[in-house]
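Numbering (the working numbering), first residue to last: 520 to 546.
Glycine included, every Cβ here is placed at the ideal spot set by N, Cα and C.
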Amino acid sequence: RAWDSVADAISIGTGERIELDRRNHSG
């Protein structure tokens, strides 16, 4: 289950990056 937590953390990190990218491009 350790890998599950890692995958969740990665998915959250990528999600935040995507949002930041959208803001930068839209701006």
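When you compare only the Cα positions, how much space is there between residue i and residue j?
| i | j | result |
| --- | --- | --- |
| H544 | S524 | 30 Å |
| R541 | G534 | 11 Å |
| A526 | E538 | 18 Å |
| A521 | S530 | 14 Å |
Quick one: grab the DSSP three-state call for residue i.
| i | result |
| --- | --- |
| I520 | First, the residue type needs correcting, since residue 520 is Arg and not Ile in the sequence shown. Note: R520 maps to coil in three-state DSSP. |
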